[in-house]
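Using my numbering, you'd call the opening residue of the sequence shown number 1 and step up by one each time. Report on the structure given below.
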Amino acid sequence: MMRIGEKLGRYFSLVSLSSVLLITVLSNIGMNVFFTTYLRSAQESDDQAIAEYTRELLSEDGLLDEQDLMSIEHYAFTMKAEVILEDEEKKVILSTREPVDENGNIDDRVNYMDPETFSYREYSYGEERTIIIGRSKSIFSASPDRNFLLTINFIYLVSAVMSLFIGMLLKNKIKGNFLRPIYAIQDNAKRIEEGKYQLVEDVDSDTMELDELAGSIRKMAIRLENQEELRKRLTADIAHELRTPLSTVNSHLEAFIDGVWEPTPDRLMLLQDEIRRLTSLIKDLGDLSYMESGQARLVMKKINLSELTADIMEGFEPLFLADDKTIHADFCEDVFVFGDADRLNQVLVNIISNALKYTDQGSTVAVTLRKRKEQAELIIKDDGIGIDEKDLPYIFERFYRSDLSRNRSTGGKGIGLTIVKSLVEAHKGTIRVESGRGKGTTVTIALPLYSTSL
Ligand SMILES: Nc1ncnc2c1ncn2[C@@H]1O[C@H](COP(=O)(O)OP(=O)(O)OP(=O)(O)O)[C@@H](O)[C@H]1O
Ligand SMILES: [Mg+2]
């Protein structure tokens, strides 16, 4: 297994080397194709200029004397061209190269040609006279051209070496800038694996994805730490919920058995209450696991939420009155949702009982129902003890009860809101709680409005 820095370094060198190689190959091909075409056409116009020059010299007096031939030879030399001049009888009168075979027919142009190395083009000058101009087949044959090619390729070689070198420098820079956060994230992940959530450190990175990854890992650590905390608390809470009623029942029964107490109907009713409490706790837990397993079947139909809420509030009125509290409504008429009446009833009863439990005498609870953006919005607002900010994120966890409410010995089990949340979500709705210590609590439930397309 290779370390990421090593791997990146290799990729870097490979990429820079292959790009230099590619540039070398492509530009050599380019030079050969495009540059050759360019040079050839330049040569062709030079050749025409030589032919034209020869014609001009001839037309001056109809003859090419020694002087003219020398000028032509000189001109051809400056143009780096081979020239063979034939007169009207096809006899070679000038050649810039020595004849190849001195024994053969020296006048024959073939003796002055080297078709292996040169390609020849013919032009006419005067009647029946031919000027043959030869050019090297290899375009880079002339030494300045060859040098040019060699220099270019040498530059490529230097750039290959330099890019390797730069690649190595960059590799180190990458290790610093780019890899440091990755290693830090890796360390954080290890700490999480070992359960050392407190040791997870902040990671700074200017790379967006890494920054997001570091943030997610950090949030994950906080979440896991909270979950662990909640799990411990849950065990303690369950033990507490079970222990209190059981020890009450046990101590009463012992007292009856020992003959210390008479089992009067009042005392027996108290025991029955405790057992009822336990049974309801077990029922709630059963309900919850049933719902969370996704097996809960909701009997969905069109429901007038305005009427349902009004009925429930009517049921609560005597309880509020008895506690010297008020509950009042602000309703939109005929707000229809698609839902399970019994389950929605359970949701509302849970939230209104919380509002009743966690408020002081003389308080007011306001229930508002309105339509908002294709949704039915139900707001239950109380001015009670409120929920501390530190407890707020956990109130939907099973058995979670804030210390504020524990102190009031309201007898809550801490399951109500857990059930409410899973029921609201089963109705494709959302629930939101805003609160603060001593500031009262506002619960907002949004459910999709009934529509015929459902
Ligand atoms: N309106 C409210 N005002 C203040 N605190 C509240 C309110 N509603 C809920 N809470 C806090 O949230 C906790 C969880 O509420 P939840 O309804 O789940 O449990 P509970 O009321 O304690 O018990 P039960 O399972 O019987 O409903 C409560 O214990 C309380 O601390
Ligand atoms: Mg409750």
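Ideal Cβ positions, reconstructed from N, Cα and C, are used throughout, including at glycine.
Per-residue DSSP class, three states only, for residue i
i, result
"alanine 329", "strand"
"aspartate 19", "Looking at the sequence shown, residue 19 is not aspartate but serine. Reduced to three states, the DSSP call for serine 19 is helix."
"proline 448", "strand"
"glutamate 389", "coil"
"alanine 77", "The sequence given here places phenylalanine at residue 77; alanine does not occur at that position. Helix."
"phenylalanine 118", "strand"
"threonine 441", "strand"
"threonine 309", "helix"
"lysine 297", "The displayed chain sequence assigns arginine, not lysine, to residue 297. Coil."
"serine 138", "coil"
"leucine 94", "strand"
"arginine 146", "helix"
"lysine 428", "coil"
"tyrosine 400", "coil"
"valine 100", "coil"
"methionine 31", "helix"
"methionine 113", "coil"
"serine 205", "coil"
"glutamine 67", "helix"
"arginine 10", "helix"
"isoleucine 395", "coil"
"methionine 1", "coil"
Boundaries of the alpha helix (DSSP H) in which residue i is found, first to last residue
i, result
"glutamate 60", "36-61"
"glutamate 455", "Residue 455 lies beyond the range of the chain shown here (1 to 454); nothing can be said about it."
"glutamine 186", "180-193"
"arginine 233", "208-257"
"leucine 199", "That residue, leucine 199, is in no alpha helix (DSSP H); it is neither H nor E in DSSP."
"leucine 344", "341-357"
Buried versus exposed, by CB contacts within 10 Å (16 or more), residue i
i, result
"phenylalanine 34", "exposed"
"threonine 264", "exposed"
"leucine 22", "exposed"
"phenylalanine 165", "exposed"
"serine 95", "buried"
"lysine 325", "buried"
"serine 363", "buried"
"valine 92", "buried"
"glutamate 397", "buried"
"arginine 146", "exposed"
"asparagine 32", "exposed"
"glycine 167", "buried"
"histidine 240", "exposed"
"threonine 309", "buried"
"valine 260", "exposed"
"asparagine 188", "buried"
"isoleucine 282", "exposed"
"valine 200", "buried"
"phenylalanine 399", "buried"
"isoleucine 131", "buried"
"methionine 291", "buried"
"methionine 113", "buried"
In DSSP terms, what residue i is bridged to
i, result
"asparagine 304", "Phe336"
"threonine 130", "Glu86, Ser124"
"glutamate 434", "Thr442"
The beta strand (DSSP E) enclosing residue i, as first and last residue numbers
i, result
"proline 265", "Premise fails: proline 265 lies in the alpha helix (DSSP H), 265-292, not in any beta strand (DSSP E)."
"glutamine 375", "375-382"
"lysine 504", "The question about residue 504 has no answer, for the chain in this structure spans 1 to 454."
"valine 367", "364-372"
Residues near residue i by beta carbon distance below 7 Å, same chain, minus five either side
i, result
"valine 420", "Val347, Asn350, Ile351, Ile431"
"aspartate 87", "Ile93, Arg129"
"methionine 79", "Asp46, Ile50"
"glutamate 434", "Thr442"
"glutamate 314", "none"
"tyrosine 75", "Ile50, Tyr53"
Residues near residue i in its chain [Cβ-Cβ closer than 6 Å; skip 5 each side]
i, result
"proline 181", "Val203, Ser205, Leu210"
"alanine 376", "Leu305, Val335, Val337, Leu447, Leu449"
"lysine 381", "Ala366, Thr442"
Own chain, CB closer than 8 Å to residue i, minus 5 neighbours either side, in chain order
i, result
"glutamine 48", "Tyr123"
"isoleucine 174", "Gly5, Leu8, Gly9, Phe12"
"isoleucine 72", "Ile50, Tyr53, Thr54, Leu57, Leu64, Val83, Leu85, Leu94"
"histidine 328", "Thr364, Val365, Ala366, Val367"
"isoleucine 185", "Val203, Leu210, Leu213, Ala214, Ile217"
"phenylalanine 77", "Thr96"
"glutamate 389", "Gly436, Arg437"
"isoleucine 238", "Phe399"
"lysine 298", "Lysine is not the amino acid found at residue 298; the sequence shown has leucine there. Taken in chain order, the residues that qualify are Gly339, Asp340, Arg343, Ala426, His427."
CB contact below 7 Å: residue i versus chain B
i, result
"methionine 2", "This model lacks chain B altogether; it includes just one protein chain."
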